[in-house]
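Sequences listed follow chains U and Y, in order.
The opening residue of the first sequence carries number -16 in the working numbering; numbering runs sequentially from there.
The opening residue of the second sequence carries number 40 in the working numbering; numbering runs sequentially from there.
All residues carry an ideal CB built from backbone N, CA and C; glycine is no exception.
The structure appears right after this line, and notes come after that.
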Amino acid sequence: MLVVILLLLGAPFATALVSLRAPAAVAQAVTAITGVGSFGLVLALIPAATHRDLNYLSYLRIDAVSAVFLLATSFLYAAVAVYSVGYLARSRASDADFSRYARRFYAGLNLFAWTMLAAPMMSNLALLWIAVEVTTVVSALLVAIEDTDGAAEAAWKYILIASAGLGLALLATIFAYYAGAQVLGEHYNLSFTALLQAGPRLPHTPVRLAFVLAVLGFGTKMGLFPVHTWLPDAHSEAPTPVSALLSGSLLAVSFYAILRYYQVATAALGPRFPRDVLLVFGIASLLLAALYLLDQRDVKRLLAYSSVEHMGILAIGVSFGAPIALAGVLLHVLAHAAAKGNAFMGAGVLVRKFGSKRIAGIGGGLDLLPWSGPLFGIAVLALCAMPPFGIFRSEFEIVEGGFGASANAPAAVLIVLVTVAFLGLSVAANRMLLMPRDRSPGALSRGEPSAWMVVPVVAGVAVLLVLGIHPPADLTGLLARAVHQLGAVT
Amino acid sequence: MSAVAAPSVYAGGASVIAVGVLLAEFGMFRQALLRDQVRLYAAQSALISVLAILVAAVRHLPELYVLAALSAGLKVVCVPVVLRRLLRGIGAGRTGEVDPEPGWTEIAGSGSLSLANTVLLAIAVAAFGFFSVAALGIRSPVLPPTALAISVSVALVAFVLMIMRRDVASQAIGFLSLENGISLTALVVAAGLPLFLEVAFLFDLLVAVVVFELLIRVHHGRAESLSTADLTRLRG
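The following block contains the structure:
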């Protein structure tokens, strides 16, 4: 297993280095191979992670919870690596410009994926913080890569707000160390397992402080209200493959960090306090996102607010605490990665076809794009939790867990707000796919810009169907173990 | 009422240094010139290194000497050099010729509040941080609790600085001084943190500074100024 883990850590980094030097075509091919290969490597880890925690070299640790997040990230990495082959083709005027852009893009993309794969493997809260911080600096550069006024503005807001948030998360790390040091002595190294084992003996005040700071700090990167403000800007201005990774993986990685603090806080304080905190942030985020979804003019901002919505659902799901709700939350991480990745990749094709990110500038997508039109429609329906896709199953489990845990009011609010979000998303998708364009259709002909931009989306739909209809036994085993590790109690 | 023992020389000295860090933060806050802000940042970082050396000597934590040296090298020397080079480069680019007084770029005002009011706000926020943390009753084995309360005040004032300033360089300096506040907190409650983690934090700071510098250049290249007044395109 160690070889698999080291390959998973080494390959994306090596690919980033190769991409810096090699011609664009080589970088494209190597990135696609590494992306798909990483997904394969994570799949190979699943059976082992279902049965035991994998600890290596004292700083690497993969348990069932981290495996779920690795699965989400590596799937999206594979998808965008293939998608980028089509996305980058002919997108720059001159050859010199193109090869410079492609070098930066591929080096950044692989580094970004590398940091997101590394974060869930860290055995220690300090290294976890460092990995998340590195994801910020790498992705801020990727947001700025388009070299437009909007991209520069989004990148600056992103790095400033996310860094400030991570400053709070660093304070959380320090207070977690302080709490642990009271029990384990000055020289313990913030190892997550040791902290969890010391759980009931940890002093309450520092743990409370650490948890709230962690939710606020990592919540900034996860997109929780009121610290979500960078998110729609960065998601809309970044290149589409990066937007897909930001939304499907990066937010999930930050959520992973919060889950680790949740585990420690639950062990030390009991479930009540951490759940109440998450419930407040979750409901507020869901409410804000549902309302903003009703009146969006930019397709990528629309999808970005949908991400805030889904992060709110995750926080609420954890706050329910019931085993089925937690299983739903972890399934939601996977299904959201596939659905949001698909939606962004589909939106990328629409934007390429119509030359506009404005929803009003896009119309008749179903006619003009024989594959991407319907696939985008499916992605939006999947995001709205329509059966038979994965998000339907995960949200159903979360709501069932809510009612089962007698959290009737939050569960009812969740259903209402998800319905409002559905309205916003479906009206916008309807306008882009079914209604004719405002302006005259011009010379747009029917056809796809590139087959490379369709294949990963089809794979995403397959994943959504599998997750929704019949998740494989290996996956349900993994989720069951992860739920157990999260300390589910009704 | 019980008698209050006078603090030891060590505790008193540590508290004085911590207060110095907070004063440097306020100095940055009211300083109108970027070059002086960088200078204050370097001074603030130096104070934290001095405190680390003090703790290392009195509490016998030899690892802190290494940390103090590395931290001083990075935050007193490297980061200010990077920032000054950045300001010089931008000063020259802005006027189209070599600026005789590089870095003397006036900071754009602080938005809706006047400077005096923002300082009052910062004082209120600092007081809030100070008293609320003191009330938490977190005791440190190496430093007096006042130092912890002050470190949180520093972090909060740094937030106000980042929010109130309307130019990207000051906002970046605000972030860096936030990190100084957190370093001070770490010194109080996490002095025993393994050295390699501390070094990793510092390395991470270095990477962040490089990216901040790069994005400030990108911003300046597009907006032709450091002001954030134009950053209003993305809304809703």
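Are the Cβ atoms of residue i and residue j separated by less than 7 Å?
| i | j | result |
| --- | --- | --- |
| VAL410 (chain U) | ALA273 (chain U) | no |
| SER192 (chain Y) | LEU223 (chain Y) | no |
| GLY200 (chain U) | GLY163 (chain U) | no |
| SER216 (chain Y) | ALA197 (chain Y) | yes |
| ALA63 (chain Y) | ALA81 (chain Y) | no |
| MET99 (chain U) | THR119 (chain U) | no |
| ARG420 (chain U) | GLY329 (chain U) | no |
| GLY213 (chain Y) | LEU195 (chain Y) | no |
| LYS323 (chain U) | GLY265 (chain U) | no |
| PRO183 (chain Y) | ALA50 (chain Y) | yes |
| VAL401 (chain U) | PRO224 (chain U) | no |
| TRP435 (chain U) | GLY23 (chain U) | no |
| GLY295 (chain U) | LEU269 (chain U) | yes |
| ALA251 (chain U) | GLY182 (chain U) | yes |
| LEU427 (chain U) | LEU351 (chain U) | yes |
| ALA91 (chain Y) | ALA107 (chain Y) | yes |
Going along chain Y in order, which residues have a C-beta closer than 9 Å to the C-beta of residue i?
| i | result |
| --- | --- |
| GLY150 (chain U) | ALA194, ALA197, PHE198, PHE214, LEU217, GLU218, GLY220 and ILE221 |
| ASN172 (chain U) | LEU232, PRO233, PHE235 and LEU236 |
| PRO189 (chain U) | LEU175, ILE177 and VAL228 |
| ILE113 (chain U) | LEU236, ALA239, PHE240, PHE242 and ASP243 |
| LEU274 (chain U) | Within 9 Å Cβ-Cβ: nothing; LEU274 (chain U) doesn't reach chain Y, min ~11 Å. |
| PRO236 (chain U) | It should be pointed out that residue 236 (chain U) corresponds to Val in this sequence rather than to Pro. Chain Y residues near VAL236 (chain U): none, gap ~16 Å exceeds 9 Å. |
Let me confirm a value: residue i is counted as buried when at least 16 other C-beta atoms fall within 10 Å, else exposed. Which label applies?
| i | result |
| --- | --- |
| LEU40 (chain U) | exposed |
| THR131 (chain U) | exposed |
| ILE142 (chain U) | buried |
| PRO393 (chain U) | buried |
| ALA45 (chain Y) | exposed |
| PHE158 (chain U) | buried |
| GLY231 (chain Y) | buried |
| LEU273 (chain Y) | buried |
| ASN391 (chain U) | exposed |
| GLU136 (chain Y) | Summary for GLU136 (chain Y): the model assigns pLDDT 37, below 50, so the residue's position carries little reliability, and this model does not support an answer. |
| ASN413 (chain U) | exposed |
| SER153 (chain Y) | exposed |
| THR134 (chain Y) | Its pLDDT being 39, under 50, THR134 (chain Y) is placed unreliably by the model, and the measurement read from it follows with that caveat. THR134 (chain Y) is exposed by the Cβ-count criterion. |
| ARG335 (chain U) | buried |
| ILE452 (chain U) | exposed |
| VAL228 (chain Y) | buried |
What residues from chain U crowd round residue i, counting only those whose CB sits closer than 8 Å?
| i | result |
| --- | --- |
| ILE87 (chain Y) | Within 8 Å Cβ-Cβ: nothing; ILE87 (chain Y) doesn't reach chain U, min ~14 Å. |
| MET201 (chain Y) | LEU143 and ALA147 |
| LEU270 (chain Y) | GLU136, TRP139 and LYS140 |
Report, in whole angstroms, the separation of the C-beta atoms of residue i and residue j, which I expect to be a contact under 8 Å.
| i | j | result |
| --- | --- | --- |
| TYR89 (chain U) | ALA155 (chain U) | About 34 Å separates the two Cβ atoms, so there is no contact after all. |
| VAL(-5) (chain U) | ASN93 (chain U) | Going by the sequence as given, residue -5 (chain U) is Pro instead of Val. Right, their Cβ atoms sit about 5 Å apart. |
| ASP216 (chain U) | LYS340 (chain U) | At roughly 13 Å, the Cβ-Cβ gap does not stay under 8 Å, so ASP216 (chain U) and LYS340 (chain U) are not in contact. |
| ILE299 (chain U) | GLU383 (chain U) | Not really, about 13 Å apart at Cβ, beyond 8 Å. |
| LEU309 (chain U) | VAL301 (chain U) | 7 Å |
| ALA32 (chain U) | LEU461 (chain U) | 6 Å |
| LEU408 (chain U) | CYS367 (chain U) | 6 Å |
| LEU286 (chain U) | ALA326 (chain U) | 5 Å |
So with CB distances below 9 Å, who are the chain U contacts of residue i?
| i | result |
| --- | --- |
| GLN76 (chain Y) | Those do not exist, as GLN76 (chain Y) stays about 16 Å from chain U at its closest Cβ, beyond 9 Å. |
| ARG83 (chain Y) | Residue 83 (chain Y) is actually Gln in this sequence, not Arg. Simply none; closest approach about 15 Å. |
Less than 6 Å between C-beta atoms, sequence neighbours within five positions excluded: which residues of the same chain meet that for residue i?
| i | result |
| --- | --- |
| HIS211 (chain U) | VAL291 |
| THR66 (chain Y) | Per the sequence shown, residue 66 (chain Y) should be read as Gly rather than Thr. So the list reads LEU79, once near-sequence residues are dropped. |
| ILE162 (chain Y) | none |
| SER237 (chain U) | PHE201, LYS204 and MET205 |
| LEU406 (chain U) | none |
| ALA465 (chain U) | ALA47, VAL48, VAL51 and LEU313 |
Apart from the five residues just before and just after residue i, which ones in its own chain have a Cβ nearer than 7 Å to its Cβ?
| i | result |
| --- | --- |
| SER174 (chain U) | SER106 and ASN107 |
| LEU448 (chain U) | PRO371 and PHE372 |
| LEU109 (chain Y) | VAL238 and LEU241 |
| LEU187 (chain Y) | VAL172, ILE177, SER179, THR224, VAL227 and VAL228 |
Could you name the residues of chain U that residue i contacts, counting a contact when the two beta carbons are closer than 7 Å?
| i | result |
| --- | --- |
| ALA225 (chain Y) | ILE157 |
| ARG256 (chain Y) | Going along chain U, no residue has its Cβ under 7 Å from ARG256 (chain Y), so there is no contact; the nearest lies around 10 Å. |
| PHE251 (chain Y) | ILE142 |
| VAL97 (chain Y) | Going along chain U, no residue has its Cβ under 7 Å from VAL97 (chain Y), so there is no contact; the nearest lies around 15 Å. |
Beta-carbon within less than 8 Å of residue i's beta-carbon, same chain only, minus the 5 sequence neighbours each way: which residues are those?
| i | result |
| --- | --- |
| GLN165 (chain U) | LEU185, PRO186 and PRO189 |
| VAL158 (chain Y) | PHE65, PHE68 and ARG69 |
| VAL121 (chain Y) | VAL248, VAL249 and GLU252 |
So with CB distances below 7 Å, who are the chain Y contacts of residue i?
| i | result |
| --- | --- |
| GLU169 (chain U) | GLY231 |
| LEU535 (chain U) | Residue 535 (chain U) lies beyond the range of chain U shown here (-16 to 473); nothing can be said about it. |
| ALA164 (chain U) | GLY231 |
Mind pulling the chain Y residues with CB within less than 8 Å of residue i?
| i | result |
| --- | --- |
| ASP216 (chain U) | LEU273 |
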